[in-house]
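Asks: Dropping the structure in here first, questions after.
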Amino acid sequence: MTVMGTSGSAWSEDDGERLYLQGRDEPARHEVAVEPVDTLAEQVEEFVRCIRSGERPETGGQEGVEVVAAVEAVEASAASGRPADVADFRG
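For what it's worth, the numbering used here labels the leading residue of the sequence shown as 2, then goes sequentially.
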């Protein structure tokens, strides 16, 4: 996975076990140490904890809507070759 922003870029490789960052003004990317985790196990643990305790999950429905809107905007932009506004895909 690669994420690009106005200040730099980040790359996740090897199923998230390697992370690279590169600032906008840096000539090359550099690796950042990460602790490998089982993200599915963490999500299930949080889900169970929230059910038992009534806590609000770290990411809820609204955050899910934002992710879907961003993915749909990316798909629309790729199909049209033009920028797409995420706000147009919230619903």
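Ideal Cβ positions, reconstructed from N, Cα and C, are used throughout, including at glycine. The model shown is predicted, which means the values in this text are computed figures rather than measured ones.
1. Reducing DSSP to helix, strand and coil, say where residue 3 ends up.
2. Is it true that the CB of residue 46 sits closer than 8 Å to the CB of residue 59?
3. Looking at C-alpha atoms only, which residue of 26, 3, 8 and 27 is the closest neighbour of residue 20?
4. Is the stretch 31 to 41 in contact with the stretch 7 to 21, if contact means three or more CB pairs nearer than 8 Å?
Replies: With the given structure in hand:
1. Here DSSP, grouped into helix, strand and coil, assigns residue 3 to strand.
2. No; because the gap between Cβ atoms is not below 8 Å, this pair is not in contact.
3. The shortest C-alpha separation from residue 20 is found at 3.
4. Because the criterion of three Cβ pairs below 8 Å is met, the stretch 31 to 41 and the stretch 7 to 21 touch.
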